[in-house]
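Everything on this sheet refers to the single structure shown next.
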Amino acid sequence: MGIARAVVFAGVAFFPAVLLGLGLFILLGGADKPFANWMWVPCWILPPVLMLGAGIRGYRWQDVELE
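The numbering of the sequence shown is the working numbering, which starts it at 3 and goes up by one.
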């Protein structure tokens, strides 16, 4: 159950992660500047890190035992 929940959490986090990366890209200068090292963060680092974090959170989520 933990693996399935992790995959669902990461899949759901994809859209917000891409939106956050796009917003950061635009705030940092967007397409007006030539490609530079700073573009790696909003384009290639931030979305996968957020999705990985959501997947880890989903995997470690503790179900409450009801009695």
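Even glycine gets a Cβ: it sits at the ideal position worked out from N, Cα and C.
Cβ pair residue i, residue j closer than 8 Å
{"i": "P44", "j": "L26", "result": "yes"}
{"i": "G53", "j": "A6", "result": "Checking the sequence, you will find Met at residue 53 rather than Gly. Not a contact, by the Cβ cut-off of 8 Å."}
{"i": "A19", "j": "Y61", "result": "no"}
{"i": "G23", "j": "P49", "result": "yes"}
Delimiting residues of the alpha helix (DSSP H) encompassing residue i
{"i": "V9", "result": "4-29"}
{"i": "V51", "result": "48-62"}
Integer-rounded CB distance, given that residue j should sit under 8 Å from residue i
{"i": "W40", "j": "L30", "result": "6 Å"}
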